[in-house]
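Right, one structure below, let's go through it.
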Amino acid sequence: MVRAGELANKTGNVRVGAVNCAYNMRTCHRFDIRHYGEIQIFPPNQDPSLGDHEEYNGPVVASRMLSAAEQLGASAVVQGLSPHALMQRIQMAPRSTSSKAPVVSLWLVDYYRPGCPPCEQIKSSIRRLSMELQGVAKVATVNCGEERCHSVPHYPYFQLIVQREGQVPEKHVIDFDVDGHPGGLALKVAGMVFKHVIGLRWEEPTRAKRSDKDEL
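Written as structure tokens, this is what we have:
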């Protein structure tokens, strides 16, 4: 880690730190540290308290660790909105009788509650998903701990929100398996865009059923 710190000082793009879990058990629990010597990478320009991080599983070589950190993309997620702030961002417009109004914006929204383990587990997936959907849909997270989220039955909970010109937003529920790859969710979002926005027929690809040995 000393060598990594020396190299980081030369690049200026990566910061290196260490946490003593014997004295900072709360911090290590917060980031789900399971063993000593575990290395976590946090995306750039992010408050670490948001919990978005990825474990580094490569060789413990300073140059390789710094390379992995530099390749970790910055988040494009609109973070921690309240339900009211989300609707302000979407800019709800008066109703229109037209069913073919042009689409102003698409939003994939993750409703979460602080302290919810599944919500914490998928934060890095949400960040990667925001990068996959750049140019297609905006990705936002809504904090349901500070303000009640009506009609949200569980956490995490996903919606695709379609804002058409002159209409109130359309909300479509998206099922999400927390063990799924973000690319799979990106594909599902794309399918819903085809179906509900463009109006094309879309059948979600069937996935092979997991065997018992693959179950957690």
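In this text, residue positions in the sequence shown follow the working numbering: the first is 635, and each later residue adds one.
All C-beta atoms, glycine included, are put in the ideal place defined by N, C-alpha and C.
All values reported here derive from a predicted model rather than from experimental measurement.
{"Query": "Nearest to Thr871 by alpha carbon, out of Val823, Pro748 and Gly800?", "Result": "With the chain covering 635 to 850 only, the question about residue 871 has no answer from this structure."}
{"Query": "Val802 to Tyr789, Cα distance in whole Å?", "Result": "25 Å"}
{"Query": "Just to confirm, is the Cβ distance from Ala703 to Gly692 under 8 Å?", "Result": "no"}
{"Query": "Report all residues from its chain with a CB closer than 8 Å to the CB of Glu672; omit the five preceding and five following residues, and keep chain order.", "Result": "Glu689"}
{"Query": "CB-CB under 7 Å to Val648, same chain, minus the five flanking residues each way: which ones, in chain order?", "Result": "Ala642, Leu700, Ala703 and Glu704"}
{"Query": "Shortest alpha-carbon distance to Ala696 belongs to which of Arg761, Leu715 and Val650?", "Result": "Val650"}
{"Query": "Could you give the first and the last residue of the continuous beta strand (DSSP E) run that contains Gln797?", "Result": "Tyr791 to Arg798"}
{"Query": "Gln797: buried (16+ other C-beta within 10 angstroms of its C-beta) or exposed?", "Result": "buried"}
{"Query": "Smallest Cα separation from Pro677: which of Tyr657, Tyr670, Arg668 and His687?", "Result": "His687"}
{"Query": "Give the straight-line distance between the Cα atoms of Val738 and Lys772, rounded to the nearest whole angstrom.", "Result": "12 Å"}
{"Query": "According to DSSP, is Ile808 helix, strand or coil?", "Result": "strand"}
{"Query": "Could you give the DSSP three-state label for Gln674: helix, strand or coil?", "Result": "strand"}
{"Query": "Among all the DSSP beta bridges, which residues are the ones paired with Asn777?", "Result": "Tyr746"}
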